[in-house]
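In UniProt numbering, the protein residues as written are 1 to 399.
Where a beta carbon is used, it is the ideal one built from N, C-alpha and C, also for glycine.
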Amino acid sequence: MKPYDFPDAKGHFGPYGGVFVAETLMHALSELQQAYETYRDEPEFLAEFHSELRHFVGRPTPIYHARRWSEELGGAQIWFKREDLNHTGAHKINNSLGQALLARRMGKKRIIAETGAGQHGVATATVCARYGMECIVYMGSEDVKRQAPNVYRMKLLGATVVPVESGSKTLKDALNEALRDWVTNVDTTFYIIGTVAGPHPYPMLVRNFQSVIGEESIVQMEQYAGRQPDYVVACVGGGSNAMGIFYPYLKHEDVKLIGVEAAGHGVSTGEHAASIGAGQVGVLHGNRTYVIQNEHGQVKETHSISAGLDYPGVGPEHAWLNDSARASYVGVTDDEALEAFHTCCRIEGIIPALESSHALAHAAKLAKTLSRDRIVLVNLSGRGDKDINTVAQRSGIEI
Numbered sequence: 001m002k003p004y005d006f007p008d009a010k011g012h013f014g015p016y017g018g019v020f021v022a023e024t025l026m027h028a029l030s031e032l033q034q035a036y037e038t039y040r041d042e043p044e045f046l047a048e049f050h051s052e053l054r055h056f057v058g059r060p061t062p063i064y065h066a067r068r069w070s071e072e073l074g075g076a077q078i079w080f081k082r083e084d085l086n087h088t089g090a091h092k093i094n095n096s097l098g099q100a101l102l103a104r105r106m107g108k109k110r111i112i113a114e115t116g117a118g119q120h121g122v123a124t125a126t127v128c129a130r131y132g133m134e135c136i137v138y139m140g141s142e143d144v145k146r147q148a149p150n151v152y153r154m155k156l157l158g159a160t161v162v163p164v165e166s167g168s169k170t171l172k173d174a175l176n177e178a179l180r181d182w183v184t185n186v187d188t189t190f191y192i193i194g195t196v197a198g199p200h201p202y203p204m205l206v207r208n209f210q211s212v213i214g215e216e217s218i219v220q221m222e223q224y225a226g227r228q229p230d231y232v233v234a235c236v237g238g239g240s241n242a243m244g245i246f247y248p249y250l251k252h253e254d255v256k257l258i259g260v261e262a263a264g265h266g267v268s269t270g271e272h273a274a275s276i277g278a279g280q281v282g283v284l285h286g287n288r289t290y291v292i293q294n295e296h297g298q299v300k301e302t303h304s305i306s307a308g309l310d311y312p313g314v315g316p317e318h319a320w321l322n323d324s325a326r327a328s329y330v331g332v333t334d335d336e337a338l339e340a341f342h343t344c345c346r347i348e349g350i351i352p353a354l355e356s357s358h359a360l361a362h363a364a365k366l367a368k369t370l371s372r373d374r375i376v377l378v379n380l381s382g383r384g385d386k387d388i389n390t391v392a393q394r395s396g397i398e399i
């Protein structure tokens with residue numbers, strides 16, 4: 001692989017990425033890019049970021065050998081990167097913290113965010129409480145119902161949660177509404193985007209804040225397993241947890257990278273959220289990438305049992321990694337993810353997020369095909385407390 005230096009100066013990952021927004025947002029994006037370039041290597045900024053990661057978030061998160069599950073599968077050894085042990089229960093806090101520190105330096109005291117599964121909303125509400133910032137979180141009304149515990153957590157933390165009733169009432173509609181707010185209040189407001197999508201510089205900025213996941217993994221795998229994994233597997237909706245662990249591994253060419261999209265009821269049914277597997281190139285939320293759309297180019301409604309993966313696009317860097325064959329992307333259905341969810345609970349004593357369960361399901365399938373001396377590292381991006389109502393409902397259980 002040639003030296004990797006993406007995005008370019010205009011925010012492109014090959015033909016993907018870029019800036020496709022209203023003229024009114026161009027100044028705000030330029031201001032954000034200038035601020036990030038100013039502070040990204042500043043010793044005081046980095047020292048505060050890493051101090052907060054250590055003392056507020058609880059990093060480094062451990063890696064963990066899923067020994068019992070590996071033995072039951074009879075193939076490769078499965079390891080987890082335990083992002084579920086972060087404060088607030090998911091990897092989302094890494095990026096929200098970094099962007100909030102940037103907002104403080106830019107003098108912005110009003111924060112807006114969008115969320116699907118609620119983990120990004122909780123993370124953003126948490127850092128806003130810590131730094132005394134106003135917090136507005138947009139959330140599709142369907143996701144508000146699916147993720148009621150996280151909605152309550154955001155309110156406890158002082159955030160205002162705004163249910164969005166348009167479209168499919170899920171993550172893409174929440175993102176549309178957050179962009180409208182930003183256009184209206186651009187002078188006073190900082191928009192903390194939760195994934196590696198949106199106009200430049202967001203995909204780069206979110207990736208860089210999340211890359212602490214892969215940087216720690218490289219050190220820890222050498223320390224505890226004696227070598228790097230053969231495969232790194234992570235779920236992909238927008239794709240922030242996947243880029244966070246993939247990015248530092250790009251230079252390790254022997255390590256195969258696999259992103260797992262939500263195949264919902266099956267890609268052939270049309271009820272899924274597999275943007276790379278079944279999407280076409282288009283423009284969504286300010287960047288060019290793979291988008292699930294109809295024959296007229298209109299964005300189609302998506303489906304996944306996991307609210308965090310229920311998004312019709314994917315981060316532009318994932319689109320580029322797919323086309324360049326540096327990473328491969330597969331689909332896992334709702335039923336396969338649920339089976340992995342229950343297996344992980346029963347065998348390893350860990351309740352994983354439904355998002356992460358998609359990655360676990362593929363890792364289990366992959367491990368069976370490999371010899372026992374191979375290693376599959378799964379990014380366990382979040383914990384599943386928030387999903388127990390959804391899982392119980394699928395099992396006919398009323399909590």
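{"Asked": "Anticipated Cβ contact below 8 Å, residue 402 with L171, distance rounded", "Found": "In the structure displayed, the chain extends from 1 to 399; residue 402 sits before or after that span and is not available."}
{"Asked": "Helix, strand or coil at Y191 according to DSSP, with G and I counted as helix", "Found": "strand"}
{"Asked": "Sub-9 Å separation of L321 and P199 beta-carbons", "Found": "no"}
{"Asked": "Whole-angstrom C-beta distance between N94 and V122, which should lie under 8 Å", "Found": "The Cβ separation is near 13 Å, so there is no contact."}
{"Asked": "Distance CB(L29)-CB(L97) smaller than 9 Å", "Found": "no"}
{"Asked": "Assumed close pair G270, G282 - CB separation to whole angstroms, cut-off 8 Å", "Found": "About 17 Å; that fails the 8 Å criterion."}
{"Asked": "Beta-carbon proximity check, K92 vs T61, cutoff 9 Å", "Found": "no"}
{"Asked": "Cut-off 7 Å between Cβ atoms - residues of its own chain near E317, not counting five sequence neighbours on either side", "Found": "F6, F13, V196, P203, R207 and M243"}
{"Asked": "Closer than 9 Å to chain B by CB, F190", "Found": "Included in the structure is just one protein chain, with no chain B present."}
{"Asked": "Cβ-Cβ separation, P248 to S211 (assumed contact under 8 Å), whole Å", "Found": "6 Å"}
{"Asked": "For M133, the nearest candidate out of K109, G118 and T126 (CA to CA)", "Found": "K109"}
{"Asked": "Proximity of K383 and L85 at Cβ, strictly below 9 Å", "Found": "As written in the sequence, residue 383 is Arg, which differs from the Lys given in the question. In contact: R383 and L85 (Cβ atoms closer than 9 Å)."}
{"Asked": "Cβ neighbours of V255 in the same chain (closer than 8 Å, five flanking residues each side left out)", "Found": "Q228, P229, D230, Y231, V232 and Y249"}
{"Asked": "Straight-line gap, P352 to D387 (C-alpha atoms, nearest Å)", "Found": "9 Å"}
{"Asked": "CB contact flag (F190, F49, <9 Å)", "Found": "no"}
{"Asked": "Identity of the residue in Y311, H65 and Q147 nearest K300 by Cα", "Found": "Y311"}
{"Asked": "Identified DSSP bridge partners for R82", "Found": "L380"}
{"Asked": "Sheet register partners of E114 (DSSP bridge)", "Found": "Y138"}
{"Asked": "Within 9 Å, strictly: CB atoms of G277 and Y329", "Found": "yes"}
{"Asked": "Burial state of H27 (16 or more Cβ within 10 Å)", "Found": "exposed"}
{"Asked": "Member of H362, E339, T369 and V378 whose CA lies at the smallest distance from the CA of A392", "Found": "E339"}
{"Asked": "Same chain, Cβ closer than 6 Å to A367, five either side skipped, listed in chain order", "Found": "L73, G75, A76, I78 and V376"}
{"Asked": "Other residues of its chain near G264: CB distance less than 8 Å, five sequence neighbours each side excluded", "Found": "E271, H272, A273, A274, T302, H303, S304, I305, T333 and D334"}
{"Asked": "First through last residue of the alpha helix (DSSP H) which encompasses V260", "Found": "Where V260 is concerned, there is no enclosing alpha helix (DSSP H), although the beta strand (DSSP E) it sits in stretches over K256 to G264."}
{"Asked": "Helix, strand or coil at R227 according to DSSP, with G and I counted as helix", "Found": "coil"}
{"Asked": "Pairwise C-alpha distance: V267 and G107", "Found": "45 Å"}
{"Asked": "Whole-number beta carbon distance between G308 and A174, since they are thought to touch under 8 Å", "Found": "Actually they are not in contact, since the Cβ atoms of A174 and G308 sit about 12 Å apart, beyond 8 Å."}
{"Asked": "Length of the line joining the Cα atoms of S371 and A22", "Found": "52 Å"}
{"Asked": "Three-state secondary structure assigned by DSSP to S328", "Found": "strand"}
{"Asked": "Pairwise C-alpha distance: N241 and G194", "Found": "10 Å"}
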